[in-house]
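Taking UniProt numbering, the leading residue of the sequence shown gets 1, the next gets one more, and so forth. Heads up, the beta-carbon is just placed ideally off N, CA and C, and yes, glycines get one too. The structure under discussion appears below in the form of structure tokens.
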Amino acid sequence: MSWRDQKIESSWQPGFDEVGLGLHETTFVIVDLETTGAAPTAGNGITEIGAVKVRGGEVVGEFSSFVDPGIPLPDFITNLTGITDAMLADAPTIHAIFGSFLEFTGSHSDVFLVAHNAPFDMGFLKAAAKTAGHVWPKYRVLDTVSLARLLVGYDEVPNYKLGTLAQFFNTQVSPNHRALDDAKATVEVLHGLIERLGSHDVTTVDNLLQFLKRVPEKKPKFN
Numbered sequence: 001m002s003w004r005d006q007k008i009e010s011s012w013q014p015g016f017d018e019v020g021l022g023l024h025e026t027t028f029v030i031v032d033l034e035t036t037g038a039a040p041t042a043g044n045g046i047t048e049i050g051a052v053k054v055r056g057g058e059v060v061g062e063f064s065s066f067v068d069p070g071i072p073l074p075d076f077i078t079n080l081t082g083i084t085d086a087m088l089a090d091a092p093t094i095h096a097i098f099g100s101f102l103e104f105t106g107s108h109s110d111v112f113l114v115a116h117n118a119p120f121d122m123g124f125l126k127a128a129a130k131t132a133g134h135v136w137p138k139y140r141v142l143d144t145v146s147l148a149r150l151l152v153g154y155d156e157v158p159n160y161k162l163g164t165l166a167q168f169f170n171t172q173v174s175p176n177h178r179a180l181d182d183a184k185a186t187v188e189v190l191h192g193l194i195e196r197l198g199s200h201d202v203t204t205v206d207n208l209l210q211f212l213k214r215v216p217e218k219k220p221k222f223n
């Protein structure tokens, strides 16, 4: 039986304080952002938020919105994402949308936030929370890059980019530098990684937290 087949018998959602909370009972909120640049410290902002909430291998909610960053988009961002200034002209500001995003995400005691290269997304989200006047909840964060390094060997993939892992796990949605689609692709990558966790006897949140402390193998060097 795979972790997806372990159905939850009620709508009750346990929190992390429950002893031995199973991964099939855990709510994951997978987030992806599009932004005007590489770091919020350089005055860059969020242009699009996409998030998917899953539990037991099933999607239970989605969130998607453009965001007006308050500055013109650099040409390279438009070329990369296909997002234009015109598409953001009527979009809400981060002040207007951030509360709705936090409401969708839920309590930090009940969910794991997941992102591919999580430090990037979390950096922008924390900066956005400050800008919008919100206290950033103390979410537990799972980086699918870090998890993939522990579960997928260099003999299987050349790197741990989202596109590479999406191809490896044969995801139905291909990453395309749009927030919701990239979040959906990350959901499928996460599910593929969780399937692999079973062979390491990782079936609970506690198991997962301990597993994440391992040191990934180094990429082999060839002379």
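Residue i burial status per 10 Å Cβ neighbour count (16 or more: buried)
| i | result |
| --- | --- |
| G50 | buried |
| F28 | buried |
| V59 | exposed |
| K126 | exposed |
| F76 | exposed |
Contact under 7 Å by Cβ, residue i with residue j
| i | j | result |
| --- | --- | --- |
| A118 | I94 | no |
| D121 | L193 | no |
| L73 | T144 | no |
| G45 | P69 | yes |
Cα-Cα separation, residue i to residue j
| i | j | result |
| --- | --- | --- |
| I71 | S100 | 22 Å |
| T78 | R196 | 36 Å |
| V187 | D181 | 10 Å |
| A148 | Y160 | 7 Å |
| F169 | G163 | 10 Å |
| P96 | G198 | Just to set this straight, residue 96 is Ala in the shown sequence, not Pro. Going by the C-alpha atoms only, they are around 41 Å apart. |
| T105 | E217 | 33 Å |
| V152 | L113 | 21 Å |
Where residue i falls: helix, strand or coil (DSSP)
| i | result |
| --- | --- |
| A39 | coil |
| R196 | helix |
| D5 | Summary for D5: the model assigns pLDDT 47, below 50, so the residue's position carries little reliability; its value from the coordinates is reported in the next sentence. In the structure shown, D5 sits in a helix (DSSP, three-state: H, G or I). |
| G22 | strand |
| V60 | strand |
| T84 | coil |
| E188 | helix |
| F211 | helix |
| D201 | coil |
| P216 | coil |
DSSP beta-bridge partners of residue i
| i | result |
| --- | --- |
| T27 | R55 and V111 |
| V141 | L113 |
Closer than 6 Å: residue i CB and nearest the ligand ATP heavy atom
| i | result |
| --- | --- |
| L208 | Questions concerning the ligand ATP fall outside what the structure shown contains, since it holds no ligand whatsoever. |
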